[in-house]
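To start, the structure under review is shown below, and the notes come after it.
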Amino acid sequence: MTDDSGTADVAPGDPLPDDARIVYLHHSTGGVIWDGGVAAAVAAANDADGTSYAITERAFPSGDPYPWENYPYDYWNIWVDHAGPDPYLTEPTLEILTAEYAVIVFKHCFPVSGIEADTGSPDVASPTKSLENYRLQYDALKARLHDFPANRFLVWTGAALTAAGTTPEQAARSREFFTWVKTAWDEPGDNIFVWDFFELETEGGNVLLDANAASPDDSHPNGAFAARVAPLFVNRLLSVIAGTGDSTSLTGE
């Protein structure tokens, strides 16, 4: 059975219907990648394969009235702590998004990598950027996402900071967290998948390479990088839709 979102009663290892709907939640970094050719690559795949996948981009959270912040705390705050059928500060909850879209793509902008040292007192309800808080928030998010087994979720490993925009200690913590996301938090056989954006930006290091950045002092990716990786994102998205997300490259390469 398929509903208006293109969601069907299928296991995560089975393909979604050919008319699956996808929402791409983003801020500025995600906007750069979107402009690198995401919609065109999805359209080309539809033409080549005879599918009719529909992808929509949306700023989330919108910044009005909810702050322009899309870090682990904010997804926990909107989707876990304020779960339900009604928007929270005009932002859609998972109950709303999953009714409209089969696949939900979400990410964090580069300040997510400005990770402070742990205090030894983790708090899931704290907006402080730390490994201990992030792990609690991600674990709560995973449990919540599992409440929607007919939907699929594609989360990016976080955007990195340039060397000029961080410290070696913060950069090492960001590498530690996103390695944990893809090797421990993500698990095979469920409805959650990872696109390893951090790896593409850093090329194995801990910082956004200057060659991939808007400038050494601007941690947005540049247009050339976006044009290179937008098709890789779509490769990853299509593998998740096809039911092969657990057996294909996390980077889309």
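Sequential numbering of the sequence shown, starting at 6, is according to the numbering used here. A virtual CB, placed ideally from N, CA and C, is assigned to each residue, including glycine.
Among the options, nearest to residue i - alpha-carbon criterion
i	options	result
L30	L102, A232 and G119	L102
A130	Y143, H151 and N211	Y143
S118	T95, S179 and L136	S179
D54	A247, E258, S254 and S252	A247
G42	T253, N240 and S244	N240
A44	S33, H32, T34 and I27	I27
T34	G228, T188 and S244	G228
G210	A168, K134 and W39	A168
G250	R63, D201, P127 and E208	D201
DSSP state of residue i mapped onto helix, strand, coil
i	result
D19	coil
I120	coil
A229	helix
S244	helix
E96	strand
M6	Note that M6 has pLDDT 37, beneath the 50 cutoff, so the model's placement of it is unreliable and the number below is only indicative. Three-state DSSP puts M6 in coil, outside helix and strand.
P236	helix
V108	strand
Contact check, residue i vs residue j, beta carbons under 8 angstroms
i	j	result
A218	P226	yes
V203	F230	Contrary to the premise, residue 203 reads as Phe rather than Val in this sequence. Against a cut-off of 8 angstroms, the Cβ pair of F230 and F203 comes out as no contact.
L99	F153	yes
A176	V199	no
L214	T256	no
P17	R157	yes
V108	L166	no
N82	H32	no
_beta strand (DSSP E) runs wholly inside the stretch 147-223, at least 3 long, in chain order_ = 157-161, 197-200 and 218-220
*Should the stretch 147-166 be regarded as contacting the stretch 89-98, the criterion being three or more beta carbon pairs within less than 8 angstroms?*
no
*Sequence ranges, alpha helix (DSSP H) only - wholly within the stretch 26-68, length at least 4*: 33-40 and 43-54
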